[in-house]
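Please read the structure below before turning to the comments.
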Amino acid sequence: MSNYNKFPETVLQGLDAHAFAGYDAIVSELKEKFQGKILVVDAYPGVRTEELLKNLVQPIDPDLIVFSDELFVSGETITERVQPNLTDDRVFGFMSKYRFSQFVDAKKKADLLAKIEATQGLVVVYGVGASELVEGDLLVYADLSRWEIQQRYRSKEIGNWKVENYDEDVLKKYKRGFFFEWRMADYHKKNLYGQVDYYLDTNLKEEPKMITAEAFNQGMEKTVDGPFRVVPFFDPGVWGGQWMKEVCDLDRSQANYAWCFDCVPEENSLFFRVGDVRFETPSINLVFMEPQKLLGEAVHARFGTEFPIRFDFLDTFDGQNLSLQVHPLTEYIQETFGMHYTQDESYYILDAGEDAVVYLGVKEGINPAEMIQDLKLAQKGELIFPDEKYINQFPAKKHDHFLIPAGTVHCSGKDVMVLEISATPYIFTFKLWDWSRLGLDGLPRPVHLEHGQKVIQFDRDTKWVSKNLVSPVEIISDQDGVLEEKTGLHEREFIETRRFTSESVMMLETKGSVNVLNLVDGKEAIVESPDAAFDPFVVHYAETFIVPEHVKTYTIRPYGESAGQAVKVVQAYVRN
């Protein structure tokens, strides 16, 4: 029976009066507490602004209502300006540095300020970037998760900001969000911390929740004080499998689940429980607000307010191979896409079928030009790419760890459950070959051979890969009933991984970095502070959890159903 917790939450005590569910309660609170002239309801791109207008803004009964979109330049003008960042590629663009202020129509803003000055009663300015237009006497910030935005893209409910591209290819909508809108909106949101009076959760249609800034800040402080989990989400895929259905207790009627994103803070959420209200907020807000405590001084200095370690699941049990792929080298991702680090990664094998394999590196003595030519012909549909001629296959079994520095050709075969441990540039995967299949949308999945061929490291052949990348386990210590092993990663990769195995208490240190861990064996374990600095934290099999750097020292021991039995945890951190 599964004990995987799909809805982890931080419980806040003594703040019940600081949380409000439903528009009636929210409007009542704002009417009661608002004493000034200008109420600003700022919003992240993707928030249902028509819903806000109907259910929140109009019931407040203001004398003047201003929709922020009307004061920015047209969508066509925005598109023209940002086209160099969007590019003509279906998936990839160049990271932008635009700000909302660059798209304000100066004349319209001046007219607005004059109109506000002439208005005697209440003014409400609402919408994306609203606080860029006017300083309010009360500020509500309407937020939602990146994952929910993607669902709205897919369902064609929304287009991008200021663009009515509802029917456009979802990958292009995502690209516009990723490379342009979300960069700008995150910068804007970060600069509002300390000014916001209320935070509004708009993830569920017609079911808003609102908490005060005091509750929001306490939620962030309590979360970063000790171990925590972000809210995982699961997604089907053309190659998806069946393993997570059982282990994570997912909907058995779905065809498959391919991915679980269980530690990607830019994509995931946090839940705060305030009385009867469960409030959802993007977990990247914690990175923005508490970077030193969460990441550690050295990691913050190196990565800024980015969370550099990603854990996710790739399930191919009773499924299909992943696409054959490669990730860009550091200089390539910097020069081509504007990212300052790349997606070095690894596959930790949580489970594997009898004949499971991982594809990794090229074979000895191949001709690189011939391989690229065969990939091009395969992309045109003129042949089936002969992977057995060019690409190594290594047997995969439970608890193996395959290292995949950028530039290494790789993919998982079928009947493998992968815990992917990687750096976090999110979408920079160059597919080389996708086994002649279509995506779930019926369209060919994008292949990026023009990028991939420029970064493949052909010297990573059978001998090199076998020596350097296939389960290079090193025992660090084996004493007092605790086995500590170094399982990776490669020297080109900035993440270090350790595996701890014990039937009793294991003492771990954060080592100057945020720690990301997963219980890879055992039903249950408990994480505790030696000096009671945080509340005991229970984790279950396959759950990923985060330990902030400022915790410094913590223990993990078998618990509940695993008491008296050995458990294994994998720990990842940024090397000093």
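So that you can map any letter, position 212 of the sequence shown is 212 in the numbering used here, and since no number is skipped, the others follow by simple counting.
Glycine is no exception: its CB is placed at the ideal position from the N, C-alpha and C atoms.
Per DSSP, the beta bridge partners of Thr281 are Leu270. A Cβ-Cβ contact shorter than 9 Å links Arg498 with Val570.
The beta carbon of Gln379 sits closer than 7 Å to those of Val447 and Leu449, all from its chain and outside the five residues before and after it, given in chain order. DSSP places Ile65 in the uninterrupted beta strand (DSSP E) bounded by Leu64 to Phe67. With a 10 Å radius around the Cβ and a threshold of 16 neighbouring Cβ atoms, Val11 comes out exposed. Counting of Cβ neighbours within 10 angstroms places Arg229 among the buried residues, the total reaching 16 or more.
Within its own chain, the residues whose Cβ lies closer than 7 Å to the Cβ of His340, once the five positions on either side in sequence are excluded, are Gln334, listed in chain order. With a cutoff of 9 Å on beta-carbon distance, Ser422 and Ala396 are scored as not near each other. For the segment 442-530, the full-length alpha helix (DSSP H) segments reaching 4 residues or more read 449-452 and 462-468 along the chain.
With a minimum length of 3 residues, the unbroken runs of beta strand (DSSP E) contained wholly in the segment 11-49 fall at 19-21 and 38-43. Between Ile78 and Lys31, the beta carbon gap of about 35 Å keeps them out of contact (Cβ cut-off 8 Å).
Of Ala352, Gly407 and Thr553, the smallest CA-CA separation from Asp318 is found for Ala352. Judged by DSSP secondary structure, Asp315 falls within the beta strand (DSSP E) whose first and last residues are Ile309 to Asp315.
Counting C-beta atoms within 10 angstroms of its own C-beta, Met1 has fewer than 16 neighbours from the protein chains shown and is therefore classed as exposed. In the three-state DSSP reduction, Ile116 falls in the helix class (H, G or I).
For Val277 and Val57, the gap between their C-alpha atoms comes out near 22 Å. Around Asp251, the same chain offers Lys245 as residues with beta carbons nearer than 8 Å, after the five sequence neighbours per side are excluded.
With fewer than 16 other beta carbons inside 10 angstroms of its own, Pro530 counts as exposed. Boundaries of the beta strand (DSSP E) around Ala423: Val416 to Ala423.
The alpha-carbon separation between Val134 and Ala213 amounts to approximately 20 Å. Across the set Leu204, Ser502 and Phe34, the C-alpha of Leu204 shows the shortest separation from the C-alpha of Ala21. The Cβ atoms of Val128 and Ala215 do not sit closer than 9 Å to each other. Ile349 and Tyr98 have their alpha carbons spaced roughly 41 Å apart.
By the criterion of at least three beta-carbon pairs nearer than 8 Å, the segment 322-332 is not in contact with the segment 284-291. Straight across, the Cα-Cα distance linking Ser562 with Gly522 is about 6 Å. The continuous alpha helix (DSSP H) containing Ile149 extends over residues Arg146 to Arg154. Taking C-beta atoms under 8 Å as the contact rule, Gln195 and Leu139 qualify, at a distance of about 6 Å. Excluding sequence positions up to five before and after Phe428, its CB lies within less than 8 Å of the CB of Phe92, His327, Pro328, Ile333, Phe337, Met339, Thr342 and Gln343, all in the same chain and listed in chain order.
Taking all protein chains in view, the Cβ of Gln254 is surrounded by fewer than 16 other Cβ atoms within 10 Å, so the residue is classified as exposed. According to the DSSP assignment, Lys376 belongs to the alpha helix (DSSP H) that extends over Pro368 to Gln379. According to DSSP, Pro236 shares a beta bridge with no other residue.
DSSP links Met210 through a beta bridge to Phe20 and Leu200.
Proximity of the segment 177-191 to the segment 499-518 falls short of the contact definition, fewer than three beta-carbon pairs being nearer than 8 Å.
For Asp143, DSSP records a beta bridge to Asp201. In this structure, Gly177 sits near Asn160, with a CB-CB distance shorter than 9 Å.
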